[in-house]
Amino acid sequence: MSPKPAARPGGRSARVQQSVHAAVRELQAEQGRGDLTIPQIAARAGVTPSTLYRRWGDLQELLSDVAVERLRPEAPPADHGNLRADLEHWAAAFLEEMSSPAGRSYIHDALAGDPDGSNSGQCSAYAVDQVDTILTRAGQRGEHVPDTDTVMDHVVAPLMYRILFRPGLLDPQYARDLVATVLYRLMPLP
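Each number in the working numbering comes from the position in the sequence shown (counting from 1) with 13 added on.
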């Protein structure tokens, strides 16, 4: 499979991607994901099916690309004044969003159309950026902070495991407990 061409900001490629993504979202809302076809999406987006095949290869890779975009955070994490509050609020919101029916669907699509791992890497980068923002902000306030990998390995990874494999065991307290474990058991003393 050839690599996806890079979208130029404001260029034709970016406009095509935007119209195709919008078409996928609209059609999914109207008829559900199971009945989508490349020709339907192309017609809605105002492009030819060959454009979609050339850029995305197949329907699953297109759905994966749309899912990765939908998983992108819309804003930086909120500032609640201290590291614990920031991480707890972010982890609980991450859990709620990713474990929702839409979140699970996007995770599934992002991973199913990801033969080279680039989409999962992009999704991970979104979480890393959010965690880095929280940790940097806390460090600037003079707080002792864990490293990003510790938070990813001991907060984000267990959350994703539960979301994907043990969805009956999800609640905001679980997310808060993971944060407490990082801050009070795993961080080296200052």
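No residue lacks a Cβ here, since even glycine has one placed at the ideal position from N, Cα and C.
Does residue i come out as helix, strand or coil in the three-state DSSP assignment?
i, result
"L177", "helix"
"A98", "helix"
"A106", "helix"
"L49", "coil"
"V168", "helix"
"P62", "helix"
"H34", "helix"
"A193", "helix"
"A42", "helix"
"G24", "coil"
"L183", "coil"
"V158", "coil"
"A91", "coil"
"M200", "coil"
"K17", "Only weak support is given to the placement of K17: the predicted model assigns it a pLDDT of 47, under 50, and the question is left unresolved by the model."
Give me the Cα-Cα distance between residue i and residue j, rounded to the nearest whole angstrom.
i, j, result
"Q41", "D92", "34 Å"
"P114", "R46", "13 Å"
"I147", "G130", "26 Å"
"L196", "R38", "39 Å"
"S63", "L177", "34 Å"
"T194", "R28", "45 Å"
"E110", "L199", "26 Å"
"S77", "A140", "17 Å"
"M14", "Y119", "Interpretation of M14 is limited by its pLDDT of 40, a score under 50 that renders its predicted location unreliable; the figure taken from the coordinates is listed afterwards. If you take the alpha carbons of M14 and Y119, they lie about 22 Å apart."
"D99", "A151", "9 Å"
"G116", "P86", "12 Å"
Who are the near neighbours of residue i in its chain, counting only those whose CB is closer than 8 Å to its CB and skipping five residues on each side?
i, result
"L191", "A104, H167, V168, P171 and L172"
"P18", "For P18, the pLDDT reaches just 45, beneath the cut-off of 50, and the residue's location in the model is therefore unreliable, although a value from the coordinates is still provided. The residues are S26 and R68."
"A188", "E101, A104, A105, F107, L108, V168 and L172"
"P16", "Because P16 carries a pLDDT of 43, less than 50, the predicted location of this residue cannot be relied on, and no value is offered for it."
"P22", "Confidence at P22 is low in this model, with a pLDDT of 49, below 50, so the placement of that residue should be treated as unreliable; the coordinate-derived value is given next. Nothing meets the Cβ criterion."
How far does the alpha helix (DSSP H) with residue i in it reach, from first residue to last?
i, result
"S77", "L72 to L84"
"Y119", "P114 to A125"
"A151", "S131 to Q153"
In its own chain, which residues sit with a C-beta less than 7 Å from the C-beta of residue i, not counting the 5 before and 5 after it?
i, result
"C136", "V81, L84 and A123"
"R97", "V192 and L196"
Using a Cβ-Cβ cutoff of less than 6 Å, which residues in the same chain neighbour residue i once the five nearest sequence positions on both sides are dropped?
i, result
"P159", "V195 and M200"
"P52", "P62"
"V144", "T161 and V164"
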